[in-house]
Each structure stands twice: as structure tokens, then as C-alpha cells.
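A.B. asks: Numbering (this note's numbering), first residue to last: 1 to 502. Glycine is no exception: its CB is placed at the ideal position from the N, C-alpha and C atoms.
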RNA sequence: GGCCCGUUCGUCUAGGGGUUAGGACAGGAGAUUUUCAUUCUUCAAACACGGGUUCGAUUCCCGUACGGGCUACCA
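#1: Going by the beta-carbon positions, is the gap between residue 278 and residue 272 smaller than 9 Å?
#2: Once you ignore the five residues that flank residue 87 on each side, which residues in its own chain have a CB closer than 6 Å to its CB?
#3: So, using beta-carbon positions, are residue 70 and residue 39 closer together than 9 Å?
#4: Tell me the rounded alpha-carbon separation between residue 359 and residue 113.
#5: By DSSP, does residue 156 sit in helix, in strand, or in coil?
#6: Grab me the residues of residue 349's own chain with a C-beta within less than 8 Å of its C-beta, minus the 5 sequence neighbours each way, in chain order.
#7: Contact defined as beta carbons within less than 8 Å: I believe residue 175 pairs with residue 97. What is the distance between those atoms, to the nearest angstrom?
#8: So does residue 228 have its beta carbon nearer than 8 Å to some heavy atom of the ligand GTP?
#9: Using the rule of at least 16 other Cβ atoms within 10 Å of the residue's Cβ for burial, across every protein chain shown, is residue 416 buried or exposed?
#10: Suppose the cutoff is 8 Å on Cβ atoms and the five residues either side in sequence are ignored; what does the same chain contact list for residue 396 look like?
#11: Mapping DSSP to helix, strand and coil, what is residue 58?
#12: Kindly indicate which three-state DSSP category residue 217 falls into: helix, strand or coil?
#13: Judging by CA-CA distance, which residue of 457, 260, 274 is the nearest neighbour of residue 287?
#14: Buried or exposed for residue 73, going by 16 or more other Cβ atoms inside 10 Å?
#15: For residue 290, collect the residues of the same chain with a Cβ closer than 8 Å to its Cβ; drop the 5 residues on either side in sequence, then sort them by chain order.
#16: In terms of residues, what are the limits of the beta strand (DSSP E) holding residue 178?
#17: Counting only runs of 4+ residues fully inside the segment 250 to 330, write out the alpha helix (DSSP H) ranges in chain order.
#18: Could you tell me if residue 509 is buried or exposed, where buried requires 16 or more neighbouring beta carbons within 10 angstroms of its beta carbon?
#19: Residues bridged to residue 173 by DSSP?
#20: Relative to the C-alpha of residue 197, which candidate in 264, 156, 399 has its C-alpha closest?
#21: Using the rule of at least 16 other Cβ atoms within 10 Å of the residue's Cβ for burial, across every protein chain shown, is residue 210 buried or exposed?
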């Protein structure tokens with residue numbers, strides 16, 4: 001590639017960024033980094049009515065958490081094309097629209113909302129295009145003086161693109177190949193709204209041109225309007241600098257049909273957002289991957305593989321490796337259903353590969369919040385013990401709290417299953433045995449088994465009892481490891497405590 | 001409805017004119033483990049359908065079905 005690659009992620013801050021949008025951002029990031037290009041965050045806030053408080057900051061936070069920070073754009077430092085918020089670029093768009101009018105590729109339209117609705121009501125398929133625009137109130141049907149007067153008065157008007165009738169518009173999509181749409185299927189889209197704001201189409205094309213964007217990588221929902229954008233480049237005289245297009249397949253619901261939507265997350269008990277989001281109007285809270293205990297690296301890896309695959313059988317890749325491997329050619333064409341089980345697997349894999357110390361530092365806050373101050377050394381050892389059993393980071397506090405807190409009371413039903421130990425075990429003898437344990441787990445295991453035989457206790461029964469004492473349930477890490485971690489005194493204390501409760 | 005895009009195991013996917021169609025997740029079985037998890041072994045599981053083209057099609061072409069998207073002064 002001769003010119004410098006520049007891509008952009010251009011969300012509109014109308015709510016929390018969902019996982020599909022995040023993947024779009026990720027692909028843009030990977031592509032940019034692969035070619036040592038620029039990755040830009042541009043906020044498309046041209047619809048003032050749909051703006052949601054906090055949404056822009058939320059987008060920024062998501063990108064930061066995932067580790068795919070733009071090197072230019074809103075809140076990531078100015079490049080040469082500031083500002084990066086379209087509302088702040090408002091004044092720049094009119095000139096381009098006016099130029100199109102002058103060149104005969106656009107026109108003023110004065111139809112009121114009511115009038116447009118009326119025509120829609122008369123014919124639901126009504127279009128505003130080459131065939132029908134003569135029936136509307138616009139600078140093509142009105143005479144010059146009327147138009148001048150209307151423009152001078154404070155009448156509301158929009159600028160619409162003037163499409164030629166029955167013209168095939170062809171463009172090349174990097175993922176799908178050539179796509180052709182006939183203008184008879186499109187209509188004279190509004191370019192500049194009556195409030196002076198550009199629509200997506202105009203703003204998008206102008207900014208991509210001005211910001212020297214080389215590749216437009218966006219969701220497939222934009223595919224049908226891409227021909228319109230191509231025409232805008234052509235009519236503006238920018239066709240030679242038109243970016244390449246790549247329309248990404250959509251992320252679909254895990255079950256049933258349809259595009260993954262914001263509601264799916266909590267309905268299915270899994271997040272569709274990276275970060276927890278509280279709706280500023282309803283105060284409704286939607287869960288996030290971060291809060292659920294996902295590692296950003298795992299989410300990134302998982303997301304990268306949803307619709308893309310480098311070939312081969314390896315699935316765990318670092319961000320750097322993904323950057324290295326990423327190519328648009330390997331992006332799949334069909335939509336991908338989101339699979340939460342696979343997401344869990346990725347997370348568990350990443351946790352397993354974490355260094356004990358790193359894991360400890362990641363869970364420290366959660367642990368201390370629930371169980372009070374914990375010795376770092378101890379936390380590291382606890383982490384090593386449960387690392388390969390964790391799916392989520394906070395499993396350590398929800399499922400392995402006994403590593404940090406003495407079980408106070410044991411469940412009746414569980415005690416019932418070990419109660420036979422009461423008559424056959426001489427507690428003091430066993431406590432004494434614990435005192436003889438050294439720092440080796442086979443040695444501990446052997447001693448326990450030996451003790452069982454000499455005291456005519458089934459080894460399994462003894463183990464079960466010890467396990468319940470230490471943990472409060474029938475599953476968990478190996479008993480010798482547990483004893484070594486908790487310490488002989490704590491272990492003895494728990495065993496005595498449990499024995500007393502039987 | 002119209003237009004555009006798509007369709008390989010349940011899911012994510014590899015592959016591509018001649019393959020026992022490969023991997024992963026989930027599922028089944030087994031081994032290891034005092035337990036659970038991990039780990040290991042193993043099993044089951046797919047080219048939507050119908051026509052072409054071809055010696056040969058899952059792969060190329062056309063149609064059908066199905067799925068998705070778009071069809072706003074929303075992005």
C-alpha cells in the first residue's frame with residue numbers, strides 16, 4: 001500500500017456500544033496496526049435528538065478496556081483533522097452540499113414533514129426520486145424566484161441528492177466483491193437536514209474524504225447505502241480518492257433469528273456490552289463483560305474470531321499475533337451467531353495462562369472487598385490452586401470463598417453425608433496427625449490414608465469428611481494442597497469445628 | 001412487498017473441481033483424580049435443495065428455499 005492506511009471507527013453516541021460495534025472497532029484497529037496506519041475515533045453525533053448522555057465516554061472507556069485505543073480522535077489526541085465530533089464540524093458540511101447543488105447533483109427541497117407524511121400515507125412505498133420529485137416542492141419544480149425567496153425566508157428546507165434515473169452504480173467491496181445497485185432502487189436521500197446538520201451519508205463521505213480515510217470498514221447494515229456514498233464521491237469530484245469499502249458480516253442472536261440486540265444480553269443472562277451500562281433515563285442496568293469477570297485479552301481474542309479466522313487450528317492468539325495475521329480476505333461473509341459458551345472457554349483459557357501474581361493482582365480488590373485484607377503471598381498461592389478451575393475472575397470469591405474465610409456453619413444436608421465419621425474417628429488423634437505434616441502433598445496424602453487404615457476407617461470416608469470440614473462442600477482442590485495453603489492450624493480448626501457440628 | 005448480501009457439524013469456522021471434508025466450543029464415552037474441575041484418549045455430528053457446466057462438483061453458473069440487512073430530515 002503506497003499511501004498511509006487510515007481507518008476510522010465512527011459510532012454514534014446513541015446508547016452503549018454493543019459487542020457488534022466493538023468488533024467493528026477491533027477489525028479497524030487490527031487492520032490499522034497491521035499496516036502501521038492510523039486508527040481514528042470519530043463520533044457521529046449528527047442526530048441531536050438521539051444523543052444519550054454518557055454514551056460517548058462509554059465508547060471511549062470500552063476501547064480503552066479492550067486495549068484498542070485509537071491514535072487519533074475524540075479523547076485520544078488530535079491529529080491533523082480536528083475536531084472529530086461531527087457536531088463540531090457542523091459548519092463544514094453545508095459548503096459541500098451547496099457545491100453539489102451548484103453542480104446540479106443536488107437540490108433544495110421545501111416539503112414539510114406533514115406533506116411528506118401525506119405522500120407516504122397515500123403510498124407506503126412512495127419514493128422521492130427521479131420519477132416522483134417533480135410532484136414535490138423543491139428547487140427543481142419551483143421557479144428561481146420562489147426558490148430564492150424561500151431560501152431567504154426562514155422556511156425550513158433540506159438538500160437532497162439528485163439521482164439519475166435508472167443508472168447502475170457499481171462498487172467493489174473488499175469482502176464481497178462487486179456489488180451493483182440501480183438508482184431506481186434508491187431515492188434522493190437528504191444530505192443536509194433542515195436543522196443544518198448533515199445526515200450520516202453526507203457527513204460520513206465528507207469526513208472520510210477530508211480525513212484521508214483509506215479504508216471504510218463497517219457493518220453490513222451499510223451495504224445498501226454504499227452506492228449512494230459512491231455517488232457522493234463521484235459527484236463531489238473525489239472518486240479518485242475514494243476509500244476502499246469492506247462491509248463486515250453482522251453478529252446474530254445466539255438463538256433464534258435476527259441481529260444481536262441490546263436486549264438479548266440480559267434476557268439470556270449474558271452481557272452484550274463490554275462494560276456495565278446504566279441507562280441515564282430509566283436507570284436500567286445492563287451487565288458488562290468486565291464486571292462479569294472477563295479478561296479483556298480473552299474478549300478481544302474471542303471477538304476477533306467471530307467472523308474472521310487466519311486458517312490453521314490455533315485459536316489462542318495475543319493481540320500482537322492477531323495484528324500480524326489479520327487480513328480482510330479472511331473475513332467470513334456470513335453473519336455469525338454469538339456463542340457464549342465459546343466466550344467462556346476463551347476466558348478460562350486466558351485465566352489458566354495467567355501468571356499467579358498477575359491473577360492475584362486482578363482479583364485482589366474483589367477478594368478484599370468480600371473477605372477483608374489478604375496477604376499477597378497467600379493470595380498468589382490461592383490463585384495457583386484454583387487458576388485452572390476459574391472461568392471468570394470473580395469465581396474466586398463466589399465459588400472459592402473458603403480459601404479466605406473459615407466456614408462458620410455447615411449445611412445440614414452435607415453434614416448428614418459424613419456423620420458416620422463421628423463414631424469412628426478419634427478427633428484428637430487426627431488433629432495430632434495434622435501436626436506432623438510437612439510441606440509435601442504426597443506425604444500428607446499417604447499419612448491420611450495410613451491413618452485411615454490403622455484406625456479402621458475407609459480412606460474415602462475420612463477424605464470426604466476432611467473435605468467437607470475445609471471447604472463446606474464435596475468438590476474443590478486436592479485436600480493436601482488445601483491443607484498446605486490454609487496451614488495446619490487453620491485446617492485443624494476447621495476440622496474440629498466441623499466435627500463438633502455433626 | 002422491493003432491492004442488496006449470505007448459506008460447510010447444534011455453534012464458531014478451515015478447505016476448495018478428485019479430501020476418510022480438518023479444527024475448536026458445546027454434547028456422549030473412557031482414563032487420571034479421595035471429590036469436583038483441569039488434563040488426556042475417544043465417539044457422534046455438516047457441504048440447504050433442484051438444475052446445469054465438467055470425466056468428476058461441497059467447491060463454478062443459474063434457479064428455489066431459508067436467513068440477514070436496507071427501504072427516515074436514525075445512524
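C.D. replies: Taking the geometry as given:
#1: In this structure, residue 278 lies away from residue 272, with their beta-carbon atoms at least 9 Å apart.
#2: Same-chain partners within the cutoff: 45.
#3: Yes. Within cutoff.
#4: Their Cα atoms are separated by approximately 58 Å.
#5: Looking at residue 156 - three-state DSSP - the assignment turns out to be coil, as it is neither helix nor strand.
#6: The beta carbon of residue 349 is closer than 8 Å to those of 298, 316 in its chain, skipping five residues each way along the sequence.
#7: About 30 Å; that fails the 8 Å criterion.
#8: Looking at this structure, you won't find the ligand GTP or any other ligand, since it has none at all.
#9: That one is exposed.
#10: Answer for residue 396: 363, 366, 367, 382, 383, 386, 390, 403, listed in chain order.
#11: In the three-state scheme derived from DSSP, where H, G and I count as helix and E and B as strand, residue 58 is classed as helix.
#12: If DSSP states are grouped into helix, strand and coil, residue 217 belongs with the strands.
#13: Answer by Cα proximity: 274.
#14: Residue 73 should be labelled buried.
#15: Closer than 8 Å at Cβ, skipping near neighbours: 65, 274, 275, 276, 296.
#16: Per DSSP, residue 178 belongs to the beta strand (DSSP E) from 177 to 182.
#17: Inside the segment 250 to 330, DSSP marks whole alpha helix (DSSP H) runs of 4 or more residues at positions 264 to 268, 289 to 292, 296 to 304, 319 to 325, from first to last along the chain.
#18: There is no way to answer for residue 509, as the model of the chain reaches only from 1 to 502.
#19: Paired residue(s): 177, 245.
#20: Of the candidates 264, 156, 399, the one whose C-alpha sits nearest the C-alpha of residue 197 is 156.
#21: Per the 10 Å Cβ criterion, exposed.
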